[in-house]
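Engineer: The structure that follows is given in the form of structure tokens.
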Amino acid sequence: MEKPLVDYKNVEIRQGNRVILQNVNLSLNSGDLVYLVGEVGSGKSTFLQTLYQEIPIQSGIAEILGYRLNQLREKDLPKLRQKLGIVFQDFKLLPDRTIHANLSFVLEVTGWQKWAAINQRIDEVLEIVDMKGSEDKYPYELSGGEQQRIAIARAILNRPAILLVDEPTGNLDFITGKSIFTLLQHMAKEGTLVIMATHNLYLVREFPGKVFQIKSQTLQNITEKIYVREIKD
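Right, dumping it as structure tokens:
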């Protein structure tokens, strides 16, 4: 039986003295497309931050890619993060560098040394996100949807086992948002575990996955309710 990539058992998550989530039980596998939904401020982004240890786990058992998070040694944190792809709400692209330079920078700092290999991998990821030909452009020359695609390309450069995506369609129009969901669904079908925080229930219904709602400090599996339309936008 395949070991889960993410396995949380009776986990409590805090920020300072404030409890964000309690009694979290979650098991996720390769190829899962997972949605985190809930009101603004409910804790979706906070939960994602525990996965890459920006916010520590307070209690319970939390494992990701074989690492026990509340026993993680400081020297092992970079190793864990190199196995994750993270797409932030605000893209975090370097504005004074071309798209090629944005992507090559990530590969260089993670140990890639040969320019031929770097250029080949950049070509591959730009093909995946349908952004070939943008290599010499700067982020400000791209639309919001195009910048989001580049942010996804950057996140998958090192072939992560898990892709974490925070509100990928928050500032995008419907058609562009749909294209982003299509891309992320494709990545899940290729075997990546995709965990996405989103408020867009319409697109969640159009691209089925596992749906968890954060509400009243709990994480609830509402997959069945979503797909029989018992929960409304």
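Going letter by letter, the sequence shown gives residues 1 to 233 in UniProt numbering. Virtual Cβ for every residue (Gly too), placed ideally from N, Cα, C.
Ala-62 and Val-11 - do their beta-carbons sit closer together than 8 angstroms?
Structural biologist: Cβ atoms of Val-11 and Ala-62: closer than 8 angstroms.
Engineer: Could you check if Asn-25 is buried or exposed, using at least 16 other CB atoms within 10 Å of its CB as the buried criterion?
Structural biologist: Exposed.
Engineer: Could you give the distance in angstroms between the alpha-carbon of Ile-214 and the alpha-carbon of Tyr-140?
Structural biologist: For Ile-214 and Tyr-140, the distance between alpha carbons rounds to 34 angstroms.
Engineer: List the endpoints of the continuous alpha helix (DSSP H) containing Asp-7.
Structural biologist: Element bounds for Asp-7: not the alpha helix (DSSP H) but the beta strand (DSSP E), 6-15.
Engineer: To the nearest angstrom, report how far apart Val-19 and Leu-164 are at their CA atoms.
Structural biologist: Cα to Cα, the separation comes out at about 22 angstroms.
Engineer: Quick check on Tyr-35: buried or exposed, where buried means 16 or more other Cβ atoms within 10 Å of its Cβ?
Structural biologist: By the 10 Å Cβ count, Tyr-35 comes out buried.
Engineer: Please confirm whether Asp-32 and Ala-188 have their CB atoms less than 8 angstroms apart.
Structural biologist: Contact flag set, yes.
Engineer: Within the segment 100-187, note down every full beta strand (DSSP E) run reaching 3 residues or more, in order along the chain.
Structural biologist: Complete beta strand (DSSP E) runs here, min 3: 162-166.
Engineer: Do the segment 164-175 and the segment 196-214 make contact, defined as three or more Cβ pairs closer than 8 angstroms?
Structural biologist: Enough Cβ pairs lie closer than 8 angstroms, so yes.
Engineer: Going by C-alpha to C-alpha distance, which of Leu-5, Asp-7, Glu-2, Ile-13 sits closest to Thr-218?
Structural biologist: When each option's Cα is compared against that of Thr-218, the closest is Ile-13.
Engineer: Going by the beta-carbon positions, is the gap between Ile-99 and Lys-137 smaller than 8 angstroms?
Structural biologist: Yes, they are a contact pair.
Engineer: Please name the residue, chosen from Lys-83, Glu-206, Leu-21, that lies closest to Ile-175 on a Cα-to-Cα basis.
Structural biologist: Measuring from the Cα of Ile-175, the nearest candidate turns out to be Glu-206.
Engineer: Let me check one thing: in DSSP terms, what residues is Leu-36 bridge-paired to?
Structural biologist: Ala-197, Phe-212, per the DSSP bridge assignment.
Engineer: My output table needs one value for Thr-50: the three-state DSSP class, helix, strand or coil.
Structural biologist: In this structure, Thr-50 counts as helix in the three-state DSSP scheme.
Engineer: Buried or exposed: where does Gly-111 fall if 16 or more other Cβ atoms within 10 Å of its Cβ makes it buried?
Structural biologist: Gly-111 comes out exposed.
Engineer: So for Arg-18, helix, strand or coil by DSSP?
Structural biologist: Strand, per DSSP.
Engineer: With the cut-off set at 8 angstroms, would you say Gly-41 and Tyr-8 are in Cβ contact?
Structural biologist: Going by C-beta atoms, Gly-41 is not nearer than 8 angstroms to Tyr-8.
Engineer: Buried or exposed for Val-129, going by 16 or more other Cβ atoms inside 10 Å?
Structural biologist: Buried, because 16 or more other Cβ atoms sit within 10 Å of the Cβ of Val-129.
Engineer: What are the partner residues of Arg-68, as DSSP defines its beta bridges?
Structural biologist: Paired residues: Glu-63.
Engineer: Compute the distance between the beta-carbons of Leu-21 and Gly-43, then report whether it is under 8 angstroms.
Structural biologist: Cβ atoms of Leu-21 and Gly-43: closer than 8 angstroms.
Engineer: With 16 as the cutoff for other CB atoms within 10 Å, does Leu-93 come out buried or exposed?
Structural biologist: Leu-93 is buried by the Cβ-count criterion.
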